[in-house]
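S.K.: If you read the sequence shown in the working numbering, its first letter stands for residue 5, the second for the next number, and so on.
Sending over a structure as structure tokens; questions will come in a sec.
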Amino acid sequence: EGVKKNRTFFYVGDKKQSIYRFRKGKKELFDLLKQEFDQIKSDSLNTNYRSKELLVDFVNETFKEKIKDYKEQFALESKKGGFVRIVESKEQKVKNQAQEIKEKTLETLFEQVNFLRSKNISYDDICILCWKNSDADMVLDFLREQNIPAFTQSNVLLENKASVRLVLEYAKYCIFGDEFYLVFLKELLGFEPRKITLDFSKNAMENVLFLIKELKLDLNDIALMQFIEYAKTKENFLKLLFEPCTLKIVSEQNMGI
């Protein structure tokens, strides 16, 4: 009890950002800590240093009735102006009209993208947020049909990324010596990697780093960084190697919306 009361805890975040589920973050932690420990006090920052005034005003108007004890934000004096446009669908959600609503939504989306482009906004500066991954995939297909460059963060499995596949296939080659794995490696690497001995007494992450170093892969590769983090969660290297991985790769520097 005495240790709990005298320790320091510093916690920073934004409840609204929890919709992105960054590292499985949970907004409930903010309220839970204040309830459990009387000595914890919250300090809400009221200055938005990034967004322009019109956007800050819009956010205030949107959330003040939806979040209990919402603290109003203020923009910097140097951040006057801004742009906010709200386009609402006029279609009613009635039976047998789902396809019509979808088509109208995509049509409106296309119009808005063209409007932004007419104002010299680059595709790289346009972002479309969707409720579900399936919605994002639908929008992606539509935009590409219109010859608009676009990508999503949800459409690439981590284990299918070339750099990660190299590590996995190289590990299997080192363990089993099967020429099948070697053919794949030579095709992607352009050379034949030497067969090495893995130390299974080491944890999964250590073995992954050893393989990456042996293959001379770039540790700045986003997929590899994510895979190393994933390896930390595995009890041993063999589980990492053979258990299905359903993780999807985080965004890279892509071109387009």
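Quick reminder that beta carbons are idealized off the backbone N, C-alpha and C, glycines included.
What residue ranges within the region 34-108 form continuous alpha helix (DSSP H) runs of no fewer than 4 residues, ordered along the chain?
M.R.: Listed in chain order, the complete alpha helix (DSSP H) runs (minimum 4 residues) inside the region 34-108 are 57-67.
S.K.: Classify arginine 54 as buried or exposed, calling it buried when 16 or more other Cβ atoms lie within 10 Å of its own Cβ.
M.R.: Exposed, since its Cβ has fewer than 16 Cβ neighbours within 10 Å.
S.K.: I'd like to know whether the C-beta atoms of leucine 175 and leucine 133 end up nearer to each other than 8 Å.
M.R.: Here residue 175 is alanine; the residue named in the question, leucine, does not match the sequence. Their beta carbons are not under 8 Å apart, which means alanine 175 does not touch leucine 133 by this criterion.
S.K.: Could you tell me which of Asp47, Met229 and Phe34 sits nearest to valine 254, measuring between CA atoms?
M.R.: When only C-alpha atoms are compared, the closest one is Met229.
S.K.: How many Å lie between phenylalanine 246 and glutamine 116 at the Cα?
M.R.: Distance between the alpha carbons of phenylalanine 246 and glutamine 116: 45 Å.
S.K.: Determine, using beta-carbon pairs with one atom in the region 142-161 and one in the region 190-198, whether at least three such pairs fall under 8 Å.
M.R.: Not touching, per the Cβ criterion.
S.K.: Any idea if cysteine 131 is buried or exposed, counting beta-carbon neighbours within 10 angstroms, 16 or more meaning buried?
M.R.: Its Cβ having fewer than 16 others within 10 Å, cysteine 131 is exposed.
S.K.: Cα separation between cysteine 249 and lysine 236?
M.R.: Whole-angstrom Cα-Cα distance: 13 Å.
S.K.: Helix, strand or coil, according to DSSP, for phenylalanine 26 in the structure here?
M.R.: Confidence at phenylalanine 26 is low in this model, with a pLDDT of 49, below 50, so the placement of that residue should be treated as unreliable; the coordinate-derived value is given next. Looking at phenylalanine 26 - three-state DSSP - the assignment turns out to be helix.
S.K.: Report all residues from its chain with a CB closer than 7 Å to the CB of alanine 154; omit the five preceding and five following residues, and keep chain order.
M.R.: Closer than 7 Å at the Cβ level, and outside the excluded window around alanine 154, lie Leu144, Leu147, Arg148, Gly260 and Ile261.
S.K.: Leaving aside the five residues before and after lysine 165 along the sequence, list all residues of the same chain whose C-beta is less than 6 Å from its C-beta, in chain order.
M.R.: Correct list, in chain order: Ala227 and Ile253.
S.K.: Which residue wins for smallest C-alpha separation from valine 168, given the options Thr156, Ala79, Ile216 and Val187?
M.R.: The shortest Cα separation from valine 168 among Thr156, Ala79, Ile216 and Val187 belongs to Ile216.
S.K.: Quick check on the DSSP output: the alpha helix (DSSP H) that includes leucine 228 runs from which residue to which?
M.R.: Looking at the DSSP string, the run of the alpha helix (DSSP H) that includes leucine 228 is 226-235.
S.K.: Using 8 Å for Cβ pairs, my map puts phenylalanine 231 next to leucine 162. What's the rounded Cβ distance?
M.R.: The pair is a contact, with the Cβ atoms about 6 Å apart (cut-off 8 Å).
S.K.: Going by DSSP, what residue range makes up the alpha helix (DSSP H) through tyrosine 185?
M.R.: Run containing tyrosine 185: 183-193, per the alpha helix (DSSP H) assignment.
S.K.: For lysine 252, which beta-bridge partners are listed by DSSP?
M.R.: In the DSSP output, where bridge partners are listed per residue, lysine 252 has Leu161.
S.K.: Cα separation between serine 46 and tyrosine 185?
M.R.: Roughly 55 Å between the two C-alpha positions.
S.K.: Take glutamine 77 and list the residues in its own chain whose beta-carbon comes closer than 8 Å to its own, dropping the five residues that flank it on each side.
M.R.: Once the five neighbours on either side are set aside, the close Cβ partners of glutamine 77 are Asn50, Thr51, Asn52, Val60, Val63 and Asn64.
S.K.: Taking the alpha-carbon positions, what's the glycine 86 to lysine 56 distance?
M.R.: Each residue's alpha carbon lies about 5 Å from the other.
S.K.: Are the CB atoms of leucine 113 and cysteine 88 within a distance shorter than 8 Å?
M.R.: In the sequence on display, residue 88 carries valine and not cysteine. No. Outside cutoff.
S.K.: Let's test the definition: count the other Cβ atoms within 10 Å of the Cβ of alanine 102 and tell me whether it reaches 16, buried, or not, exposed.
M.R.: Per the 10 Å Cβ criterion, exposed.
S.K.: Quick one: what does DSSP say lysine 176 is sitting in, helix, strand or coil?
M.R.: If DSSP states are grouped into helix, strand and coil, lysine 176 belongs with the helices.
S.K.: Of the choices Lys83, Gln39, Asp42 and Phe34, whose alpha-carbon is the least far from that of serine 48?
M.R.: Ranking the options by Cα distance to serine 48, first place goes to Phe34.
S.K.: Between serine 82 and the rest of its own chain, which residues show a CB-CB distance below 7 Å, the 5 nearest in sequence each way excluded?
M.R.: Contacts found: none.
S.K.: If I follow the unbroken alpha helix (DSSP H) through leucine 244, where does it start and stop?
M.R.: Segment 241-246, the alpha helix (DSSP H) holding leucine 244.
S.K.: What's the gap between the Cα of lysine 136 and the Cα of phenylalanine 67?
M.R.: Taking the straight line joining both Cα atoms gives about 22 Å.
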